[in-house]
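J.: The structure follows.
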Amino acid sequence: MKEKIQPSSLNGRSQFIDTPLKLPTPPAIAMKILDTLLKTNFSSEDLAHLIEIDPALTIRILGYANSPFYLAANRNAGSVRRAIDVLGINAVRNIALSFSIVDALWDRGTGGFDYDSFWKESVIRASAASIFAAFTPCVPEDAFIVALLADVGKVLMFMARPDDYLTVQREVRGTGARDCDVERRMFTYDHQDIGSETLRSWGMPESIYQPVACHHSGSCKKENYADLRDVIQLADLTSKIYVSQASAQYMQRLCGLIKDKYSVNADDAYRIVDEVAPHAANILNSLDMPASQVRPYSALLQRANERLSDLHLEYDHLLRKFEEEKARAEMLERELREANERLIELVATDNLTGLRNSRYFHAQIQSEMLRAQRYAHKMALVMIDIDDFKRVNDTHGHLVGDMVLKSVAGLILGESRSGDTVARYGGEEFAVVLPETDLQHAAAFAERVRKTIEMVTVSIDKLKISVTVSLGVCVFDPAAHRLGKDDFIKAADKALYSSKKTGKNRLSIASY
């Protein structure tokens, strides 16, 4: 089921949002947790029992409670009840809700959105946030949850309008623009708005959904969340160090920010970033994701220094930046190549019917004739023309005529094989190239097309229009004929017009 969220309800940003968005309902386990919390006689035992019903959720809770961040304080937990003792009932409640949301919004199939990379980055950001929270009055569990769900709006926007959101991602990668800016231009709202409103509607506390609404912004609607917002922004930089090709650049920015804000020197900054890796790896393991990919940043640098031990670290950063720019250029080149391939496809396609156009047809028939000669195979050409089509246009107008053309094109395509070339030759005339086809099979194909079109009525509003077609069939036998491309087409066309002259709605075979 989907919950339809109208623009007026989106977190105080209604003046920017003019498109209704369908958002998913909370996952079943989240609903049960929320329902349990509303009971007046609710206890920690009730919450523990509810979580333990779901083995996967239990593993995730224990994975968080036993992460290095807590093991360092000898607060390890062997059960959900112990996890509640270690973390507190509210923290476990919110963590359980968060992980159930992650499961509900994690599509491990295809579709263009890289869910694995998205959630990997989210877990690293969450782990970093729980560590940076130690420098502030923020609760580590709240920091973890907000950072984990900070960008959940991106998943929701992809679910609502996948093609548009993939366009947003391509522009962000290609230009380096901020994703929020591109999202607002494309959707009139951004992932902060959608993520915050969805979490609010699902019953998450204000301390979670309010910081999500401003984690990329300079200010929060409620300034008591400013410290948490700053923590999330630092954690986001840290996650980029682990997942981005521009890791050196992000590390440099992080060092500057935490030095200014918390008086942390560069050596301590590197130590903090290293602490994120085992913390995130523990959570990724509980999510069945390969944690081996999250190596401490110092290990990444050590590998580089082993190759360039005689050079200063600054040179290593410059080299990494060069590699990052090269990778970005290769990515842009690949996207340009894909765009050119799509453009070539458009150039070869008839805009109205979606069939191949005349230019493509002429190139393809020449290619198939050469192939037939090379392998001594026969091939056939069927020319098809809609009977009395001018009367359809004159009686009902060209828009109706266009719809009839599209319908006939679809019927012809439906009778053809995957290796055949079906093209709009011009006007109301179509051509079908049949590789490795003799006269008997070509005539049978043409007759099927004729009967199919004759029996189908095209319905357009209250109109019901029936049309017929005349067809000409010509077979090229390289062992018997020395036809050129133009003569081959003329022979099929001549047979078509023979069908026109002798009564229409019939097929004729070309003679040489």
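Sequential numbering of the sequence shown, starting at 1, is according to my numbering.
We put the CB at the ideal spot given by N, CA and C, even for glycine.
Between the C-alpha atoms of L228 and T238, what's the straight-line distance to the nearest angstrom?
T.: The alpha-carbon atoms of L228 and T238 are separated by roughly 15 Å.
J.: Taking only heavy atoms of the ligand MN into account, decide whether any of them is closer than 7 Å to the Cβ of L463.
T.: This structure simply doesn't include the ligand MN, nor any ligand for that matter.
J.: Cutting at 7 Å between CB atoms, please list the residues of its own chain near V212, excluding the five before and the five after it.
T.: Exclusion of the five residues before and after V212 leaves V146, L149, A150, Q192, G195, S196 and L199 as the residues of its chain whose Cβ lies within less than 7 Å of its Cβ.
J.: So, at 6 Å on beta carbons, what are the nonlocal neighbours of I489 in its own chain, with the 5 sequence-adjacent residues on each side left out?
T.: none
J.: Alpha carbon to alpha carbon, how far is D164 from M186?
T.: 8 Å
J.: What's the call for M521, buried or exposed, on a 16-neighbour Cβ count within 10 Å?
T.: Within the shown structure, residues of the chain are numbered from 1 to 512, placing residue 521 beyond reach of any answer.
J.: Counting only the same chain and skipping the five closest in sequence on each side, list residues whose C-beta sits under 8 Å from that of L119.
T.: It should be pointed out that residue 119 corresponds to Trp in this sequence rather than to Leu. These residues qualify, in order along the chain: V102, W106, L287 and M289.
J.: So which of A129, V139, E141 and P278 has the shortest CA-CA distance to L234?
T.: A129
J.: Are the CB atoms of V458 and I384 within a distance shorter than 8 Å?
T.: Going by beta carbons, I384 and V458 fall outside the 8 Å limit.
J.: Taking V231 as part of the alpha helix (DSSP H), name the residues at either end of that continuous run.
T.: A226 to V243
J.: With distances taken between CB atoms, is the gap from L57 to K32 smaller than 8 Å?
T.: Against a cut-off of 8 Å, the Cβ pair of K32 and L57 comes out as no contact.
J.: Check the C-beta distance from V382 over to I453 and give it rounded, since I have them as a contact under 8 Å.
T.: With 8 Å as the limit, V382 and I453 do not qualify as a contact, their Cβ atoms being about 13 Å apart.
J.: Less than 7 Å between C-beta atoms, sequence neighbours within five positions excluded: which residues of the same chain meet that for V231?
T.: A129, F132, A133, T136, C138 and A143
J.: Take the Cβ of D260 as the centre, count every other Cβ of all protein chains shown within 10 Å, and call the residue buried at 16 or more, exposed below.
T.: exposed
J.: The beta strand (DSSP E) spanning E429 covers which residue range?
T.: In this chain, the beta strand (DSSP E) harbouring E429 covers E429 to L434.
J.: Would DSSP call G176 helix, strand or coil?
T.: coil
J.: With a CB to CB cut of under 6 Å and the five nearest residues on each side skipped, what residues in its chain are close to G12?
T.: Low per-residue confidence applies at G12: pLDDT is 42, beneath 50, and the placement is therefore not dependable enough to give any value.
J.: Along the alpha helix (DSSP H) that carries V155, what are the first and last residues, could you check?
T.: V152 to A160
J.: Is the beta carbon of I84 closer than 8 Å to that of S44?
T.: yes
J.: For N282 and E368, what's the separation of their Cα atoms in angstroms?
T.: N282 and E368 have their alpha carbons spaced roughly 59 Å apart.
J.: List the DSSP bridge partners of L471.
T.: I384 and L507
J.: Could you tell me which residues DSSP puts in a beta bridge with T457?
T.: S466
J.: Using only alpha-carbon positions, find the residue among P478, A492, R173 and A96 that is nearest to Y375.
T.: Residue P478 is the option with its Cα nearest to Y375.
J.: Suppose contacts are defined by Cβ-Cβ distances below 8 Å. Is A513 in contact with V473 by that definition?
T.: Since the displayed the chain opens at 1 and closes at 512, residue 513 lies outside it and no answer follows.
J.: Distance check for S100 and I61, CA to CA, integer angstroms please.
T.: A straight-line Cα-Cα distance of about 11 Å links I61 and S100.
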